[in-house]
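Residues -19 to -1, 1 to 184 (mature numbering (1 follows the signal peptide of the UniProt record, and there is no 0)) make up the sequence shown, in order.
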Amino acid sequence: MKKTLNKMMLVTFSSIALLGITSCNLDNNKDNKGLTPAEVKVAYESVKGNYTGKVFFNRLNESATSLERDSLPVSATINTDSTLIINNLPMKVLTGQLENKDLKNSIESLGTTNLKCYIGFVKKDPVTFLVNPTPLSLNINYKGKAQLFKTSFFLNNRNSFAQVTGKNKLTMQIVQSANMYLDDHLATSRANNTALLFRLEHR
């Protein structure tokens, strides 16, 4: 499989093509030994810092009859060899496929949020690491009532990772689970999980 992610196309779980990346063999070598601490340090040093770019996602069109690709600005920070923070993640990215307009508007009224992700380096050439976003729990006002909105993401999954794709360039993908909750009650169960693609550049 090709090493560079920008040469590949991800087919999301909804069979909707989303411009970007797909999973590849994340094993660093044939012996599956993984990276040594020294190799992890070198890999981290090569990608640490602040990034800006765009997040690409699918959203329902105005008539809710089909999906359209959209993008919004976003930033990210890698400040340790085990954490990555997605800064100012637009809530619209997380609600792109919601049909419930009232719920959608309530969530989007929050504007943006920060999403903490745990990372683990798995390849050194090109530098590649798994991305495990933490679940989001956010207070919203829905139907005149304060409620806790919850959404989660795939963990330890080959479709949730990042890779260096050029000088100062990082391509990343995470996958949002279909189910969303309000106060621990299932609020919506979309037919499909949602792949979010990030094109980032080191500042």
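Just so you know, even glycine gets a beta-carbon here, dropped at the ideal spot from N, CA and C.
CA-to-CA, the gap between residue 15 and residue 103 works out to about 6 angstroms. With fewer than 16 other Cβ atoms from the protein chains shown falling within 10 Å of its own Cβ, residue 115 counts as exposed.
Taking 3 residues as the minimum length, the beta strand (DSSP E) runs contained wholly in the segment 13 to 69 are 30 to 41 and 48 to 61, in order along the chain. Judged by DSSP in its simplified three-state form, residue 160 adopts strand. Its chain contains 48 and 49 as the residues whose beta carbon lies nearer than 8 angstroms to that of residue 42, once the 5 sequence neighbours on both sides are disregarded; these appear in chain order. Sixteen is the threshold: since fewer than 16 other Cβ atoms of the shown chains lie within 10 Å of the Cβ of residue 30, the residue is exposed. In the DSSP assignment, residue 89 falls within the unbroken alpha helix (DSSP H) covering 82 to 89. Here the segment 54 to 63 lies against the segment 17 to 35, with 3 or more beta-carbon pairs under 8 angstroms apart.
The DSSP-derived three-state label of residue 151 is strand. Assignment of residue 136 by DSSP, reduced to helix, strand and coil, places it in the coil class. Taken through DSSP and simplified to helix, strand or coil, residue 79 comes out as coil. Rounded to whole angstroms, the gap between the alpha carbons of residue 74 and residue 177 is 8 angstroms. Here residue 125 is not bridged, per DSSP, to any residue.
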